[in-house]
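Protein chains in written order, with the UniProt record's numbering: chain A, 1 to 413; chain B, 1 to 413; chain C, 1 to 413. The C-beta atom is built at its ideal place from N, Cα and C for all residues, glycine as well. Note that the coordinates shown come from a computational prediction; the quantities given were computed from them, not determined experimentally.
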Amino acid sequence: MKLSFPLVAIGLEVSMIVLFGFFVKYETEQNVQQQYSTNATKVDKFLELHPLFQDVHVMILVGFGFLMTFLKKYGFSSVGINLLIAALGLQWGTFIQGILHNKGQTIYIGIKNIINADFSTATVLISFGAVLGKISPVQMLIMTILEIAVFAGNEYVVGEIFQASDIGASMTIHAFGAYFGLAVAGVLYQSGLRRQNEKEESVYHSDLFAMIGTLFLWIFWPSFNSAIAETTEQQYLAIVNTYFSLVACVLTAYAFSSLVGKRGKLDMVHIQNATLAGGVAVGTCADMKIHPYGAMIIGSIAGTVSVLGFKFLTPCLTDKLRIHDTCGVHNLHGLPGVIGGLASIVAIVLGASKASTRTTMLMQAAALGSSLGTAIVGGLITGLILRFIVCVQPSTEFFFDDSAYWEVPKRED
Amino acid sequence: MKLSFPLVAIGLEVSMIVLFGFFVKYETEQNVQQQYSTNATKVDKFLELHPLFQDVHVMILVGFGFLMTFLKKYGFSSVGINLLIAALGLQWGTFIQGILHNKGQTIYIGIKNIINADFSTATVLISFGAVLGKISPVQMLIMTILEIAVFAGNEYVVGEIFQASDIGASMTIHAFGAYFGLAVAGVLYQSGLRRQNEKEESVYHSDLFAMIGTLFLWIFWPSFNSAIAETTEQQYLAIVNTYFSLVACVLTAYAFSSLVGKRGKLDMVHIQNATLAGGVAVGTCADMKIHPYGAMIIGSIAGTVSVLGFKFLTPCLTDKLRIHDTCGVHNLHGLPGVIGGLASIVAIVLGASKASTRTTMLMQAAALGSSLGTAIVGGLITGLILRFIVCVQPSTEFFFDDSAYWEVPKRED
Amino acid sequence: MKLSFPLVAIGLEVSMIVLFGFFVKYETEQNVQQQYSTNATKVDKFLELHPLFQDVHVMILVGFGFLMTFLKKYGFSSVGINLLIAALGLQWGTFIQGILHNKGQTIYIGIKNIINADFSTATVLISFGAVLGKISPVQMLIMTILEIAVFAGNEYVVGEIFQASDIGASMTIHAFGAYFGLAVAGVLYQSGLRRQNEKEESVYHSDLFAMIGTLFLWIFWPSFNSAIAETTEQQYLAIVNTYFSLVACVLTAYAFSSLVGKRGKLDMVHIQNATLAGGVAVGTCADMKIHPYGAMIIGSIAGTVSVLGFKFLTPCLTDKLRIHDTCGVHNLHGLPGVIGGLASIVAIVLGASKASTRTTMLMQAAALGSSLGTAIVGGLITGLILRFIVCVQPSTEFFFDDSAYWEVPKRED
């Protein structure tokens with residue numbers, strides 16, 4: 001048991017090195033006949049988009065990592081296992097997405113490859129939020145491998161076959177990651193989770209650590225939604241629309257947090273999460289001409305729905321459906337991701353879709369259905385594999401407790 | 001009472017959506033006859049300056065937000081209400097500045113619009129520092145609306161009528177924000193503030209959280225001072241001068257903190273704040289040829305004055321003038337902002353002003369006078385409105401205490 | 001005694017202002033006959049590389065600063081003295097490197113100057129990690145002056161005379177900084193350090209603060225290793241190789257941390273530090289065509305060696321060699337730096353060195369030898385100066401304790 005984690009980790013790293021040895025090269029090694037793809041222009045493009053990539057990278061490591069440190073005894077695992085998942089996911093995502101898009105041929109590492117690897121990692125980190133505190137590091141490594149494979153498959157179907165539009169990946173990352181994670185959480189459910197667990201709470205400073213995550217996610221979300229835009233005009237639209245969706249979302253998230261709170265008090269869980277829902281919900285149509293006020297309407301709705309989800313839906317999921325969602329990813333990624341898909345359909349109906357896209361209402365609906373369906377089926381199967389094959393799960397008394405996997409120092413002096 | 005906050009927040013967001021629906025469009029929708037403003041060049045300019053904007057954005061959300069978390073029981077409000085103010089201010093600032101500069105016509109969203117919105121928000125956040133812990137969220141929302149309107153008016157007068165030079169906005173943002181906030185704090189003064197309040201202190205970790213804010217402000221301050229430069233040479237000068245002012249400022253801030261401390265000990269309040277004074281003081285003349293050593297002299301003076309202000313002036317303000325300045329914004333933004341205005345006059349006398357500027361000593365003096373005068377009068381009127389009309393102020397026993405507005409978890413386990 | 005710190009700090013700042021007054025100008029003031037160095041192109045180059053510089057700047061201030069906050073009672077000094085050292089080092093490094101490279105003539109401030117100043121500062125901050133908690137602020141100011149002078153000398157020899165390749169400065173910054181710091185730590189050794197000191201431990205939240213440093217270092221390390229690349233292709237290679245070395249390093253660091261831990265438990269010290277060793281070890285050959293899998297092999301080895309160093313070598317160094325290494329810089333910078341030098345020799349043997357470099361195995365070996373030799377001799381002499389001349393050292397009972405130099409608030413409420 002003590003050996004399973006290091007052996008799996010080393011085995012996976014050795015496998016990655018072998019796969020990369022056979023399949024991965026620098027993009028400057030690629031011989032392309034096209035006039036516009038000399039090494040100089042390829043490298044220029046790489047360096048031009050590199051700052052955008054770094055914004056996304058900060059979101060993945062600092063944003064997701066610290067957002068989950070709100071639990072009082074699970075901060076080491078939140079930020080630490082987040083880094084571990086990211087390091088594995090970035091390698092595996094680079095490989096599996098490259099292989100799919102290049103039909104099994106050599107992968108040449110360009111800026112899009114590493115941005116897309118960050119995206120595939122984001123998907124797993126969203127699912128990690130649903131099972132946080134209830135899963136072992138070994139299980140998370142295996143889940144990373146399985147989920148990214150399914151994610152890449154669905155993303156291929158949505159993008160290449162349906163030719164659907166999903167620039168900020170509301171459907172393929174956010175909704176997918178949330179429902180995949182919820183499906184896994186459902187399979188791994190333990191009846192002890194229904195009782196109030198005092199470890200599943202925050203303390204004052206852990207909530208402040210989580211705000212570090214929230215703020216870096218909030219600041220760089222426009223970069224996330226615009227990083228893979230095809231034209232600079234679409235990039236401009238994606239930045240501006242995401243920005244305005246986010247600012248509007250903050251106002252409604254605060255308003256509804258106070259409305260549903262005892263004596264009008266704000267709840268840190270809502271502020272940490274629901275203020276970001278606008279970034280998710282505007283993702284699919286971020287590069288369409290939805291007007292700044294349209295983006296603000298989407299953001300306002302997302303902030304509202306997200307807070308109401310935390311208040312009324314999450315307790316219900318645990319009690320009725322036996323799905324325990326530690327970070328409430330359903331409210332930050334699931335529901336707003338679905339809103340994102342629906343918003344894109346409305347935007348197309350209203351004629352806001354960009355001229356260059358040939359996507360249709362039907363294709364957007366198919367993309368949403370495919371993302372949800374693949375996520376749920378993939379998550380159920382993954383959950384079964386984790387429960388019955390990779391069954392090194394912590395016992396309930398070690399849920400939400402770093403000391404299961406870490407040497408933990410004293411809390412305070 | 002419980003309803004006032006959510007209703008005001010929702011009302012303001014609905015108003016913003018309506019205003020944006022009527023007045024705000026993408027800059028790619030603007031038909032311009034000029035040869036050099038095709039959509040492609042406009043979008044290129046946007047993306048070129050976007051990294052600079054993001055630096056400023058980090059300062060606004062993470063920098064200001066965490067700098068104020070030093071209070072041991074007021075971290076949620078510091079970083080949380082900071083985000084709320086920013087989200088409202090970014091919308092309202094975009095609108096009101098756009099309307100003023102375009103004489104009431106359609107606003108086309110370019111990079112300068114969102115940088116300037118960040119600037120108008122910074123002004124309110126500086127004032128927030130003066131009233132931190134003594135004002136309710138509803139009052140802060142109203143103050144955001146009022147202050148940005150006054151700010152935009154003064155900035156218009158300084159820039160368009162006086163044609164004064166203030167690239168880093170030492171006068172129009174820092175001095176203005178500080179004196180506006182102090183005026184509001186003076187009107188809202190309660191006699192209980194004179195007594196030592198044990199809640200108005202830091203604990204060990206809250207001081208470390210505040211250093212996150214300090215460092216991100218320090219690192220990105222050169223971007224703040226150079227973001228709206230007209231030429232790339234001015235941008236270069238503003239970056240280099242701000243950088244050297246800041247490094248020099250750190251040395252004198254540490255030296256004087258130790259000099260005025262008991263047994264030579266350093267005070268975290270000085271380190272968190274006075275090390276940034278060099279960024280403020282060099283702001284107005286940052287794009288002038290003041291030489292690197294000139295920038296270092298300005299920074300050295302600012303660091304010294306700021307520490308002495310914390311030590312000797314702030315207690316005096318509370319006791320004698322009944323103005324209680326929670327974060328000491330007078331020492332970080334007020335005095336260094338005035339130094340910035342004066343430094344620009346000296347720089348012009350010494351012939352350092354850039355060739356392209358037609359500003360004169362007199363115009364700089366007028367700009368400084370206008371900024372201080374407008375701030376104090378605007379702040380007094382705003383304070384009266386907050387005290388007697390939007391009178392949902394916390395009672396003194398809830399000063400500096402998150403539990404007035406937040407569900408607060410346990411401090412430690 | 002109380003006066004020594006402020007007087008030294010003010011004296012140094014006045015000296016810097018005088019030196020800058022005589023030697024430092026804007027690069028736009030430089031008259032160059034060359035066609036390609038008009039002011040416009042110089043300024044464009046500055047602004048183009050400015051985002052990379054800022055990444056490095058975040059590493060220096062936030063990365064190094066917070067990485068060292070893991071000690072429970074020494075966070076103020078870690079992040080605070082880090083800022084102080086940086087502010088002095090940035091000025092002195094700009095001057096001394098400029099003078100060396102320009103043979104005593106006027107220094108014109110371009111982007112390379114401020115990137116190199118960050119690099120010289122990084123060297124001191126690495127050494128600071130070795131003596132953390134055992135040295136006074138005055139001693140650190142003097143050490144900053146001495147170490148940067150020696151560093152600049154060695155860097156000049158390595159780059160200009162040996163013409164060796166060391167783009168990510170594994171040898172000239174990391175190995176140099178580590179062995180210089182260890183030499184100083186050896187000279188300043190006190191027998192009390194052999195006993196277990198309960199102040200030399202972390203608490204739960206101090207370990208989370210340290211992870212802020214780790215993550216920002218990890219994210220921006222590719223920028224560090226590529227910032228001074230001569231061609232854009234080398235910049236591309238340095239970014240990609242560093243990225244893949246880092247992701248691989250994380251997997252082996254986690255695996256070996258668990259392998260050597262009690263009952264398979266992870267150790268936060270390893271995670272905070274060894275996950276970064278891949279960035280150090282790939283530094284020297286980062287711009288060579290070592291293939292992504294080659295970078296991953298280097299990273300895997302570095303992560304492994306670093307963890308084993310923490311576990312087995314660091315206790316040995318203290319007990320046998322009387323060298324006490326507070327942060328374990330030998331494991332994060334020393335050993336991986338040496339691996340970096342050796343890897344570059346292997347890479348050259350295997351023909352991976354870039355076409356444009358004329359460096360040879362011999363020159364790389366000479367560079368490694370020079371860096372280690374200069375560091376150890378320079379560190380010993382500096383240690384002797386600090387011990388017997390600048391002898392304001394804290395007494396052992398104040399080791400690892402902020403209260404020696406800071407007004408410290410209560411730990412918790």
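Cross-chain neighbours of residue i in chain C, by beta carbon under 7 angstroms
{"i": "residue 436/A", "result": "An answer regarding residue 436/A cannot be provided, because it is not within the stretch 1 to 413 covered by chain A."}
{"i": "A227/A", "result": "Within chain C, no residue comes near A227/A; the closest Cβ sits about 15 angstroms away, beyond 7 angstroms."}
{"i": "P292/B", "result": "F20, V24 and I109"}
{"i": "V247/B", "result": "A87, L90 and Q91"}
Presumed contact (8 angstroms Cβ cut-off) between residue i and residue j, rounded CB distance
{"i": "I376/C", "j": "Y179/C", "result": "5 angstroms"}
{"i": "A277/B", "j": "A302/B", "result": "4 angstroms"}
{"i": "I271/B", "j": "G80/C", "result": "5 angstroms"}
{"i": "A248/A", "j": "S300/A", "result": "5 angstroms"}
{"i": "I60/C", "j": "A122/C", "result": "6 angstroms"}
Residues that residue i contacts on chain C, provided the C-beta gap is smaller than 8 angstroms
{"i": "D118/B", "result": "Simply none; closest approach about 17 angstroms."}
{"i": "L12/A", "result": "L251"}
{"i": "L84/A", "result": "V250, L251 and Y254"}
Residue i burial status per 10 Å Cβ neighbour count (16 or more: buried)
{"i": "A185/A", "result": "buried"}
{"i": "Q364/B", "result": "buried"}
{"i": "F162/C", "result": "buried"}
{"i": "G11/A", "result": "exposed"}
{"i": "Q139/A", "result": "buried"}
{"i": "I142/C", "result": "buried"}
{"i": "G373/A", "result": "exposed"}
{"i": "S202/C", "result": "buried"}
{"i": "C391/A", "result": "exposed"}
{"i": "A183/A", "result": "buried"}
{"i": "G177/A", "result": "buried"}
Beta-carbon neighbours of residue i, restricted to chain A and to distances below 8 angstroms
{"i": "L237/C", "result": "Y26 and T28"}
{"i": "F256/C", "result": "P6"}
Coarse secondary structure for residue i, derived from DSSP in three states
{"i": "K45/B", "result": "helix"}
{"i": "V203/A", "result": "coil"}
{"i": "G3/C", "result": "Residue identity differs from the one stated: residue 3/C is Leu in this sequence, not Gly. It is coil, neither helix nor strand."}
{"i": "A169/C", "result": "coil"}
{"i": "E198/A", "result": "coil"}
{"i": "S258/C", "result": "helix"}
{"i": "T231/A", "result": "coil"}
{"i": "S127/A", "result": "helix"}
Proximal residues of chain C, C-beta to C-beta of residue i below 9 angstroms
{"i": "V280/B", "result": "None at all; the shortest Cβ gap to chain C is about 16 angstroms."}
{"i": "D401/B", "result": "Correct list: empty, because the minimum Cβ distance to chain C is about 11 angstroms."}
Amino acids of chain A, ordered along the chain, whose beta-carbon sits closer than 7 angstroms to that of residue i
{"i": "L88/B", "result": "L251"}
{"i": "M140/B", "result": "Here the premise fails: no neighbours, minimum Cβ distance about 11 angstroms."}
{"i": "Q97/B", "result": "Ordered by position in chain A, no residue passes the 7 angstroms Cβ test against Q97/B, which lies about 15 angstroms from the chain."}
{"i": "A9/B", "result": "L251, Y254 and A255"}
9 angstroms Cβ cut-off: residues of chain B touching residue i
{"i": "Y405/C", "result": "S258, G264, K265 and L266"}
Chain-ordered neighbours of residue i on chain A, where CB pairs are closer than 9 angstroms
{"i": "W221/C", "result": "Going along chain A, no residue has its Cβ under 9 angstroms from W221/C, so there is no contact; the nearest lies around 11 angstroms."}
Beta bridge counterpart(s) of residue i as assigned by DSSP
{"i": "K25/B", "result": "Y108/B"}
{"i": "W406/C", "result": "L266/B"}
Under 8 angstroms from the C-beta of residue i: neighbouring residues of chain B
{"i": "H57/C", "result": "I219"}
Proximal residues of chain B, C-beta to C-beta of residue i below 7 angstroms
{"i": "K2/C", "result": "R263 and G264"}
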